Amino acid sequence: MWILLLALHVQAGSGQMVQMDSTKSGFVGSQVELRCIFVNSNPPVKISQVTWQKVLNGSKQNVAIANPALGVSVLPPFKERVTFKQAAVRHRTPSLEDTTIMFSELQLSDEAAYICEYTTFPAGNRENTVNLTVFARPMTRMTLTTPTIVARASKRKMTVATCVSANGKPPSVIKWETSLKGEATFQETRNQNGTVTVRSNYVVVPSRETHKKKLTCIVTYRGERITDSVVLNVQYEPEVKIEDFDGNWFLNRQNVQLTCRADANPPVTIYQWKLLNGSLPSNVEIKNNTLFFKGPVTYDLAGTYVCDATNSIGTRTGIVDVNITEFPNNNMSHGDEITEEAHNAGAAIGGAVGGVALLGVAALLLFVFLRRRQRTFKGDYSTKKHVFGNGYSKAGGLPAHPPIPKNLQYPDDSDDEKKPAQIGGPGGFEASERDFDGEQEDLKRPYFTVDEGESRDYDERTLAFQYDPEPEIADDMVSQTDGSVISKKEWYV
């Protein structure tokens, strides 16, 4: 019997449930809604009471209670900030299916888990839980460390700006955006209420270059981007230089001057001129930061001029050496600068001269090389050519031929071409008396020439030599004692 009753209870209770969001969140000071809806069964069960509880560190704390007979009750410390959303809950005959509550003026201490519990009959208790997260939007600010930043000669680093993201939950992320060459430091501080304060300092060496530079702090909080910027105001000593001396001050030149230029913050208040190792010329007029030299230029104007510029930070000096020439230097009409066109023209002329010199050296080397080759023997004494007739002989060898006349001799090697000379006798001849074209003569005579090695290839026929009574030899050919001739072109190259 008890087993049957238990089965009926589970079956009857299986249709009820409590619907809630698993998580909810809100920012400090805002309003948040915690939903709780009871889904009844069929047949419906009776709701005896609804209780909201806060669960923190394992302990439960009642927040609000709705009872059909006793009404609605909200307990401290939530009494002023928690209400039931549906007005029907507060009626004399309440409807408790929707017991959603509203939190106003959300606080960091409200962050916890909340239970909505339904007491029913005869099904018993039904409940569900929602986790509430509370965020704290940080307060972001950026400030200069001091209103006035002074650049010192020691060039020490100093903090010029601070960016703070205070009391944030979760903590923010800070970055810097600037063209300055500095570095940033970061520090996080966790507060007792659970928030975090992030501080970042920007450190740089103050100088004239950092003056009027923009420095931007970028704070990122939960995807939100917050920016703040400052412009550095750096005070520094004057940066001094003397202008208007063009290096071309000559005797009797008129209207020359020297100007003292100074970049300073704050501006220069005092300019002082002096001549090193002497006093200023008598014809000098000083107006503000300029020296005007009255009358023509003389040698008395030469010397080292010094300009002292002073502001509230300090004093700096500019120096220029003035030299006087007797005549104007026309090449310095634009100061000591050389125009780009002149530079390019000089480079072109230099390149052309260099190219011509290189070609000359190459031509000289080629001439010497060819000259040496003309004076050097390059031929082969074994390179000979026989003069053969056009007749054929069945003899097995070449017939003997008359020896070459012995009255031919050749002079020693010289730069002149080698020519046979007659030393006497009826068989000799004068080379100078015979001047003919070798190629034309070859066309008239029925013979051809073959190298000595090639003549051995004829097996069945023997080519006989053919001699003229007085052989005519071309100027570029030389007869040998064995009847062959050799070309000078093959002898001397």
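For the sequence shown, the positions run -15 to -1, 1 to 478 when mature numbering (1 follows the signal peptide of the UniProt record, and there is no 0) is used.
All C-beta atoms, glycine included, are put in the ideal place defined by N, C-alpha and C.
Quantities reported herein were computed from a predicted structural model and do not represent experimental measurements.
- Relative to lysine 160, the option among Thr174, Thr125, Leu355 whose CA is nearest is Thr125.
- Linking lysine 272 to cysteine 148 through their CA atoms gives a straight-line distance of about 47 Å.
- The three-state reading of DSSP puts glutamate 228 in strand, counting E and B together.
- In the pairwise beta carbon analysis, the stretch 200 to 220 is classified as touching the stretch 160 to 176: at least three pairs are separated by under 8 Å.
- The three-state secondary structure of threonine 283, taken from DSSP, is coil.
- For the stretch 65 to 138, the continuous beta strand (DSSP E) assignments of 3+ residues that do not extend past its boundaries occur at 67 to 69, 86 to 88, 97 to 106, 109 to 120, 124 to 129, in sequence order.
- Straight across, the Cα-Cα distance linking threonine 212 with threonine 205 is about 9 Å.
- Non-local C-beta neighbours of alanine 249 in its own chain, meaning closer than 6 Å and more than five positions away in sequence, comprise Pro223, Asn296, ordered along the chain.
- Here threonine 310 has Phe235 as same chain residues with Cβ atoms under 6 Å from its own Cβ, once five neighbours each way along the sequence are excluded.
- Around the beta carbon of methionine 127, a 10 Å sphere encloses 16 or more other beta carbons of the protein chains shown; the residue is thus reported as buried.
- Counting along the chain, the unbroken beta strand (DSSP E) around phenylalanine 278 starts and ends at 275 to 278.
- Bridge partners of asparagine 47 according to DSSP: Gln38.
- Here glycine 153 is buried: its Cβ has 16 or more other Cβ atoms, across all protein chains shown, within 10 Å.
- Looking only at Asp306, Val13, Val269, Phe278, the smallest Cα-Cα distance to proline 123 is reached by Val13.
- Looking at the DSSP output, phenylalanine 171 bridges to Ser185.
- The continuous beta strand (DSSP E) containing aspartate 306 extends over residues 300 to 307.
- By the C-beta density criterion, arginine 301 is buried, having at least 16 other C-beta atoms within 10 angstroms.
- Remark: C-beta atoms of aspartate 229 and leucine 217 do not approach each other more closely than 8 Å.
- By the neighbour-count criterion, in which a residue is buried when 16 or more other Cβ atoms sit within 10 angstroms of its Cβ, phenylalanine 23 is buried.
- Contact between proline 191 and valine 219 holds, with the beta-carbon distance rounding to 5 Å and staying under 8 Å.
- Per DSSP, the beta-bridge partners of lysine 259 are Val291.
- Alanine 51 sits close to valine 74, with the two beta carbons spaced by under 8 Å.
- A residue is called buried once 16 or more other Cβ atoms fall within 10 Å of its Cβ, and serine 157 is buried on that count.
- Contact between leucine 19 and phenylalanine 63 fails: their C-beta atoms lie close to 12 Å from each other, not under 8 Å.
- Measuring C-alpha to C-alpha distances from isoleucine 255 to each of Asn274, Asn262, Leu265, Thr195 identifies Asn274 as the nearest.
- Assignment of leucine 355 by DSSP, reduced to helix, strand and coil, places it in the helix class.
- Counting only residues of its own chain and dropping the five nearest sequence neighbours on each side, glutamine 257 has a CB closer than 6 Å to the CB of Asp293.
- The beta carbons of isoleucine 86 and alanine 49 sit about 6 Å from each other, so the pair counts as a contact at 8 Å.
- Serine 58: member of the beta strand (DSSP E) spanning 56 to 59, first to last residue.
- Taking a cut-off of 8 Å on C-beta distances, the stretch 171 to 181 does not touch the stretch 130 to 137, as fewer than three cross pairs fall below it.
- In the DSSP assignment, the residues bridged to asparagine 250 are Tyr221.
- Here glutamine 38 is buried: its Cβ has 16 or more other Cβ atoms, across all protein chains shown, within 10 Å.
- DSSP places phenylalanine 63 outside any beta strand (DSSP E), giving it a letter other than H or E.
- Assigned with DSSP and collapsed to three states, asparagine 178 falls in coil, not helix or strand.
- In this structure, tyrosine 290 sits near leucine 260, with a CB-CB distance shorter than 8 Å.
- Under the three-state reduction of DSSP, valine 346 is assigned to helix.
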